[in-house]
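S.K.: There's a structure below that I have some questions on.
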Amino acid sequence: MNVLELYSGIGGLHLALKKSGIKGDVVCSIEINPSANKVYGYNFPNTFLLNYNLENLTAEFVNQLKVDTILMSPPCQPFTRNGLKKDVQDPRTSSFLRILSLLPHTTVRKILIENVKGFETSEMREKLTETLMQCKFVFQEFILSPSQFGIPNTRHRYYCLAKRIPDSFSFQTGPLVNCVFTKYYFLKAMSIR
1 MNVLELYSGI GGLHLALKKS GIKGDVVCSI EINPSANKVY GYNFPNTFLL
51 NYNLENLTAE FVNQLKVDTI LMSPPCQPFT RNGLKKDVQD PRTSSFLRIL
101 SLLPHTTVRK ILIENVKGFE TSEMREKLTE TLMQCKFVFQ EFILSPSQFG
151 IPNTRHRYYC LAKRIPDSFS FQTGPLVNCV FTKYYFLKAM SIR
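At position 36 of the sequence shown the residue is numbered 36 (the UniProt record's numbering), and the sequence of numbers has no breaks.
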């Protein structure tokens, strides 16, 4: 699995991939924040890291990387309970909208998106699911808490796993799972265990 990590921050999704036991190589990581990139570079010195605005990303670049998987954690401020909830009107969503516009022109087969609880009721989520369906992806959505995986944090997060047809999941969950969910079943959903 060749992975492109977008909105990489300090490398949380990269570390999660590494710790999961899934065989995969993050071939490129893109983050606009120079401070986060310094930490990322320290944590993952062998990963090609770009300090880049994702609003300028092209499908050609993504395809040249020969990645089959994208991991991303787009800005959460437009969807937070404590924020202004501007949703797609928030300028911080423009890069995510750009990525959605590129998706039909890429060869990406799998996607993992992480965001805050609240994203699942956003207009942006509607745009995401419409794009996934247009691009012939099957997807499953989850509201999960790190405490379900043995991490002492109860903050719930939104996750979307998507696979391009003919790939599929080993089981179906329905439109949105908001339940106690174990690491075993989460990995099984990705057909890993």
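Glycine residues also receive a C-beta, built at the ideal position from the N, C-alpha and C atoms.
These figures come from a predicted structure and were not determined experimentally.
Per DSSP, ASN51 is paired with what?
M.R.: Partner(s): GLU31.
S.K.: Which whole-angstrom value is the C-beta distance of GLU31 and ASN63, which I expect to be below 8 Å?
M.R.: Contact doesn't hold; Cβ gap of about 21 Å is too wide.
S.K.: Please state whether the Cβ-Cβ distance between LEU161 and GLN140 is less than 7 Å.
M.R.: Against a cut-off of 7 Å, the Cβ pair of GLN140 and LEU161 comes out as a contact.
S.K.: According to DSSP, TYR159 sits in a beta bridge with which residue or residues?
M.R.: BP columns for TYR159 point to GLU114 and PHE142.
S.K.: Output needed for ILE10: all residues of its chain with C-beta closer than 8 Å, excluding positions within five of it in sequence on either side, in chain order.
M.R.: ALA36, VAL39, TYR40 and ASN43.
S.K.: State the beta-bridge partners of GLU5 as determined by DSSP.
M.R.: BP columns for GLU5 point to SER29 and LEU71.
S.K.: Could you tell me the distance, in whole angstroms, from the CA atom of ARG125 to the CA atom of TYR159?
M.R.: Answer to the nearest angstrom: the Cα atoms are 11 Å apart.
S.K.: Identify the residues that DSSP records as bridge partners of ARG164: which are they?
M.R.: ARG164 is bridged to PHE137.
S.K.: Between ALA71 and LEU13, which are expected to be in contact by the criterion C-beta below 8 Å, what is the C-beta distance as a whole number of angstroms?
M.R.: Just to set this straight, residue 71 is Leu in the shown sequence, not Ala. With 8 Å as the limit, LEU71 and LEU13 qualify as a contact, their Cβ atoms being about 4 Å apart.
S.K.: Considering only their Cβ atoms, is the gap separating CYS28 from LEU57 smaller than 7 Å?
M.R.: For LEU57 and CYS28, no; Cβs fall outside 7 Å.
S.K.: Within this structure, are the beta carbons of VAL138 and THR69 separated by less than 7 Å?
M.R.: No, Cβ-Cβ distance for VAL138 and THR69 is not below 7 Å.
S.K.: Whole angstroms are fine: how far does the CA of SER94 sit from the CA of PRO75?
M.R.: Going from the Cα of PRO75 to the Cα of SER94 covers about 10 Å.
S.K.: Quick check on ILE10: does DSSP put it in helix, strand or coil?
M.R.: Residue state, collapsed to three classes: coil.
S.K.: For the alpha helix (DSSP H) containing SER62, name the first residue and the last one.
M.R.: Note on identity: in this sequence residue 62 is Val, with Ser being the wrong assignment. Element bounds for VAL62: 59–64.
S.K.: Is it buried or exposed, ARG155, if we count other Cβ atoms within 10 angstroms and call 16 or more buried?
M.R.: That one is exposed.
S.K.: Run through DSSP, which three-state label would VAL39 get?
M.R.: Helix, per DSSP.
S.K.: Compute the beta-carbon to beta-carbon distance between LEU15 and ILE99, rounded to the nearest angstrom, for a pair I have assumed lies under 8 Å.
M.R.: No, LEU15 and ILE99 are not in contact; Cβ-Cβ is about 22 Å, not under 8 Å.
S.K.: Just how far apart, CA to CA, sit LEU17 and LYS86?
M.R.: If you take the alpha carbons of LEU17 and LYS86, they lie about 31 Å apart.
S.K.: Tell me the rounded alpha-carbon separation between ALA59 and PRO146.
M.R.: Roughly 33 Å separates the two Cα atoms.
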